[in-house]
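Visitor: The sequence shown begins at 1 in this note's numbering and counts up one residue at a time.
Here you go, one structure.
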Amino acid sequence: MDGVQPDTRSLYRVYRPQTFSELRGQSHVARTLANAVRDGGVSHGYVFAGPRGTGKTSTARILAKALNCAGPDGEHRLTSPTPEPCGVCAPCREIAAGACLDVIEMDAASNRSIDDVRDLRDTIAFAPVRDRFKVYIIDEAHMLTREAFNALLKTLEEPPANVVFVLATTEPHKLPDTIVSRCQRFDFHRPTMQQIVALLTAIAAQEEVEIDEEALETIAEHAQGGFRDAIGALDRLRSFAEGRIHTDDVLAVLGVTDTQLLIEITDIVVDRDPSAALAFVHRLYERGVNFSQFIADLLRHLRRLFLLQHLLQPGEDPALLRALGQNVGLHPSAIARLQPQAHQFTPAALIRFMDLLGHAQSEIKAGLDGRLQLELALVKLTRPHLELSLEGLDERLRRLEGELAPADAGRRHAGSETRRDTTPPRDAGRPAAVPAEPIAPRAVPSSEPAAPQSATADDQHTGSPLEQITRAWPVVLERVRARSGPLGALLRDAVPVDADETRIVVGVPAPFICERLREQGDGDSVAQTVADVLGAPKQMEYVVSGTPTPRSKADAPVTALTDAQRIALIQRELDAELLTDDH
Numbered sequence: 001m002d003g004v005q006p007d008t009r010s011l012y013r014v015y016r017p018q019t020f021s022e023l024r025g026q027s028h029v030a031r032t033l034a035n036a037v038r039d040g041g042v043s044h045g046y047v048f049a050g051p052r053g054t055g056k057t058s059t060a061r062i063l064a065k066a067l068n069c070a071g072p073d074g075e076h077r078l079t080s081p082t083p084e085p086c087g088v089c090a091p092c093r094e095i096a097a098g099a100c101l102d103v104i105e106m107d108a109a110s111n112r113s114i115d116d117v118r119d120l121r122d123t124i125a126f127a128p129v130r131d132r133f134k135v136y137i138i139d140e141a142h143m144l145t146r147e148a149f150n151a152l153l154k155t156l157e158e159p160p161a162n163v164v165f166v167l168a169t170t171e172p173h174k175l176p177d178t179i180v181s182r183c184q185r186f187d188f189h190r191p192t193m194q195q196i197v198a199l200l201t202a203i204a205a206q207e208e209v210e211i212d213e214e215a216l217e218t219i220a221e222h223a224q225g226g227f228r229d230a231i232g233a234l235d236r237l238r239s240f241a242e243g244r245i246h247t248d249d250v251l252a253v254l255g256v257t258d259t260q261l262l263i264e265i266t267d268i269v270v271d272r273d274p275s276a277a278l279a280f281v282h283r284l285y286e287r288g289v290n291f292s293q294f295i296a297d298l299l300r301h302l303r304r305l306f307l308l309q310h311l312l313q314p315g316e317d318p319a320l321l322r323a324l325g326q327n328v329g330l331h332p333s334a335i336a337r338l339q340p341q342a343h344q345f346t347p348a349a350l351i352r353f354m355d356l357l358g359h360a361q362s363e364i365k366a367g368l369d370g371r372l373q374l375e376l377a378l379v380k381l382t383r384p385h386l387e388l389s390l391e392g393l394d395e396r397l398r399r400l401e402g403e404l405a406p407a408d409a410g411r412r413h414a415g416s417e418t419r420r421d422t423t424p425p426r427d428a429g430r431p432a433a434v435p436a437e438p439i440a441p442r443a444v445p446s447s448e449p450a451a452p453q454s455a456t457a458d459d460q461h462t463g464s465p466l467e468q469i470t471r472a473w474p475v476v477l478e479r480v481r482a483r484s485g486p487l488g489a490l491l492r493d494a495v496p497v498d499a500d501e502t503r504i505v506v507g508v509p510a511p512f513i514c515e516r517l518r519e520q521g522d523g524d525s526v527a528q529t530v531a532d533v534l535g536a537p538k539q540m541e542y543v544v545s546g547t548p549t550p551r552s553k554a555d556a557p558v559t560a561l562t563d564a565q566r567i568a569l570i571q572r573e574l575d576a577e578l579l580t581d582d583h
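Below is the structure:
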């Protein structure tokens, strides 16, 4: 052998940034720290906050090298810190390897007690072994106990001149304000998908690894904004793939759900096919899919649809999305594939889809069966009328409106059943009987009178306004049903309760019917029909009057009946025929 040992380190260690200029996506941090080192304005304490894999610990090490770099010629040629450490002197090499005696790294997740902090505090008073500064890097600093923070507080307030503290954390809100106020805080930003893809492309070229562009984007998306996670995934794929890395390799190794599967289940929900949804879940089960991971991937897919729904109109060029600076984590070609599906949902339906999946994911984390939770969510989405929610009740109402209208029309045409408030056959020369209001109960005859006849012109203009609309109401209902079946279904049990020369008050049995008639503008359609029948425009008002129910004979207001109502009652009870004076 030639004596050269291959580098067996993980890729993320090999390509870890070693200078401020190599930091990716954190230019605001790199520039500020480099200028502070150059101008001699280094603080005694720093808080590095940000998501995992964004370079917090790497930046802390670069800062330590910048403070202690001795120069490429060694022998402490440099007498002051430098913003560009050489990387070849003994301090730089030892710090990069984590072997420098004057740079102490402490994992607060495993060394979080007050005794650990006391031991650290006891060493602070000693001068550096060799270098200019002693740098204490406390990783996951939010894991320290309250007592440990209190023990560290005095040291942070009055540290020795040659000591620098760096507290790295992914949860800065858990740090006490007394600690943060004594340090300079830097927030590390989550890198964009394009930045991660660019880094992976450069590493793949350096390592002579061939990989598809779509595979790179899938890795970047799976990393969720972490450089370290993305490089680690590429390292695994390099060992797995034989030759070029394809998207299928990424899906197999990382357990990412294929986009085509996400599109398929979304289409099933759009079609409201519960059988297909359950069969789809069974396929996932047979494949050994992790249901929690699948739901997480499906939620990301729905988020893209949600963004596309609000950022792009149907038919617009997906390149406009990038031009506007928006980023949904997809290539424009993939956006074009998802754009039609995004507009198959209403915004409310898409939000409900995500809410149900989020609830299912929470139940899975609580220990419930993942397969069952996904099945329940999909059945609720494909059969919303089974739910006792506002969406389910609205779906039931729409179904009833569609079913009642044709059924009611069929009964009228067959002549087998007629509404109880219609008038019996009459002679044209006599006034029509008023539709019966709630009166004394009677036995329902096997054959009821036929459908009402149209009111004559004389009938329309005789009597009080309430009597006029009451006589004409059956005709109004007939014409409304002819115009709109759902509207006719809503008015099926409606009756006029008050009227004057300009308005008509109609009573309906339920509040939701009253609200739908008011809010949906259906009153205008009824008003137009009333104007056509009565020959004069009227303003329609709707009130909840309760559903008409039979009352006992003792409570029936028989004495309040008009002559026309008495005639109608006699005809119904005796199944009598009304004869004219000529007979």
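No residue lacks a Cβ here, since even glycine has one placed at the ideal position from N, Cα and C.
Looking at C-alpha atoms only, which residue of ALA336, ILE114, GLY98, VAL180 is the closest neighbour of SER43?
Guide: Nearest option by C-alpha distance: VAL180.
Visitor: If we require 4 or more residues per run, which alpha helix (DSSP H) segments fall completely within the region 236-318?
Guide: List check, alpha helix (DSSP H) in window: 247-254, 259-271, 274-287, 291-311.
Visitor: In whole angstroms, what is the alpha-carbon distance linking LEU11 and GLY98?
Guide: Cα-Cα distance, rounded: 17 Å.
Visitor: Measure the alpha-carbon distance for GLN373 versus GLN224 and round it to whole angstroms.
Guide: Answer to the nearest angstrom: the Cα atoms are 25 Å apart.
Visitor: I need the boundaries of the alpha helix (DSSP H) containing PHE353, first residue and last residue.
Guide: Counting along the chain, the alpha helix (DSSP H) containing PHE353 begins and ends at 347-365.
Visitor: Short check: CB of LEU200 to CB of ARG24, under 8 Å?
Guide: Contact: no.
Visitor: Using only CA atoms, which one of GLU286, ARG272, ARG371 lies nearest to PHE353?
Guide: Among GLU286, ARG272, ARG371, the Cα nearest to that of PHE353 belongs to ARG272.
Visitor: So VAL164 and LEU67 are in contact, right, with Cβ under 8 Å, and what is the actual spacing, rounded?
Guide: Rounded, the Cβ-Cβ distance is 7 Å, consistent with contact.
Visitor: For the region 225-242 and the region 331-351, state whether three or more C-beta atom pairs, one from each stretch, are separated by less than 8 Å.
Guide: The region 225-242 vs the region 331-351: no contact.
Visitor: Buried or exposed: ARG426, going by 16 or more other Cβ atoms within 10 Å of its Cβ?
Guide: Residue confidence for ARG426 is low, a pLDDT of 41 falling below 50, so the modelled location carries little weight and cannot support an answer.
Visitor: In three-state DSSP terms, what is GLU140?
Guide: GLU140 falls in the coil class under three-state DSSP.
Visitor: Enumerate in chain order the residues of its own chain whose CB-to-CB distance from ASP555 is below 7 Å, with the five nearest sequence positions on each side excluded.
Guide: Any reading at ASP555 must be qualified, since the residue scores a pLDDT of 39, below 50, and its modelled position is unreliable; the value itself is stated next. For ASP555, where only same-chain residues beyond five positions count, there are no Cβ hits under 7 Å.
Visitor: Given ALA70, which residues of its chain have a CB within under 7 Å of its CB, disregarding the five upstream and five downstream residues?
Guide: Excluding residues within five positions, the ones whose Cβ falls inside 7 Å are HIS76, ARG77, LEU78, CYS89, ALA90, PRO91.
Visitor: Can you tell me where the beta strand (DSSP E) with ASP187 in it begins and where it stops?
Guide: Looking at the DSSP string, the run of the beta strand (DSSP E) that includes ASP187 is 184-187.
Visitor: Mapping the DSSP letters down to three states, classify LYS380 as helix, strand or coil.
Guide: DSSP places LYS380 in helix when its eight states are reduced to three.
Visitor: Which one of GLN184, GLU217, VAL209, GLU208 has the shortest CA to CA distance from MET193?
Guide: Minimum Cα distance to MET193 is reached at GLU217.
Visitor: So, under 8 Å CB-CB, ALA60 and PRO172 are touching, yes? Tell me the CB distance rounded to an integer number of Å.
Guide: Contact doesn't hold; Cβ gap of about 15 Å is too wide.
Visitor: Which residues in the same chain as SER464 place their Cβ atom closer than 8 Å to its Cβ, once the five residues preceding and following it in sequence are excluded?
Guide: Within the same chain, SER464 has close Cβ partners ALA499.
Visitor: Report yes if the CB atom of GLN361 is closer than 8 Å to the CB atom of ILE268, and no otherwise.
Guide: No, the pair does not count as a contact, with Cβ atoms beyond the cut-off.
Visitor: Using the three-state DSSP reduction, which class does LEU368 fall into: helix, strand or coil?
Guide: LEU368 falls in the coil class under three-state DSSP.
Visitor: Pull up the distance between the alpha-carbon of THR502 and that of LYS538, whole angstroms please.
Guide: Their backbone Cα atoms lie some 5 Å apart in a straight line.
Visitor: Could you tell me the alpha carbon to alpha carbon distance between ILE504 and GLU577, rounded to whole angstroms?
Guide: About 32 Å.
Visitor: Have a look at LEU299 and LEU357 and give me their C-alpha separation to the nearest angstrom.
Guide: Roughly 7 Å separates the two Cα atoms.
Visitor: In the DSSP assignment, find the unbroken alpha helix (DSSP H) run with GLN206 in it and report its ends.
Guide: Per DSSP, GLN206 belongs to the alpha helix (DSSP H) from 193-206.
Visitor: Can you say whether HIS310 is buried or exposed, counting buried as having 16 or more other CB atoms within 10 angstroms of its CB?
Guide: With fewer than 16 Cβ atoms within 10 Å of its Cβ, HIS310 is classed as exposed.
Visitor: Is VAL42 helix, strand or coil by DSSP?
Guide: It is coil, neither helix nor strand.
Visitor: So, are the CB atoms of VAL495 and CYS514 less than 8 Å apart?
Guide: Against a cut-off of 8 Å, the Cβ pair of CYS514 and VAL495 comes out as no contact.
Visitor: Give the single residue among THR169, LEU254, VAL289, ARG121 whose Cα lies nearest to the Cα of LEU152.
Guide: The candidate whose alpha carbon is nearest that of LEU152 is ARG121.
Visitor: For ILE138 versus MET106, is the C-beta distance shorter than 8 Å?
Guide: Against a cut-off of 8 Å, the Cβ pair of MET106 and ILE138 comes out as a contact.
Visitor: Which residues in the same chain have their Cβ closer than 6 Å to the Cβ of ILE211, if we skip the five residues on either side of it in sequence?
Guide: Closer than 6 Å at Cβ, skipping near neighbours: ALA204, ILE245.
Visitor: Are there 16 or more other CB atoms within 10 angstroms of the CB of PHE512, so buried, or fewer, so exposed?
Guide: The residue in question, PHE512, is exposed, as its Cβ has fewer than 16 Cβ neighbours within 10 Å.
Visitor: Evaluate GLU375 with the Cβ neighbour count: other Cβ atoms within 10 Å of its Cβ, from every protein chain shown; 16 or more gives buried, anything less gives exposed.
Guide: When all chains shown are included, GLU375 counts as buried.
Visitor: Can you name the residues that DSSP bridges to LEU167?
Guide: Paired residue(s): VAL47, ILE138.
Visitor: Would you mind sorting GLN26 into buried or exposed? The rule is 16 or more other CB atoms within 10 Å of its CB.
Guide: Buried is the call here.
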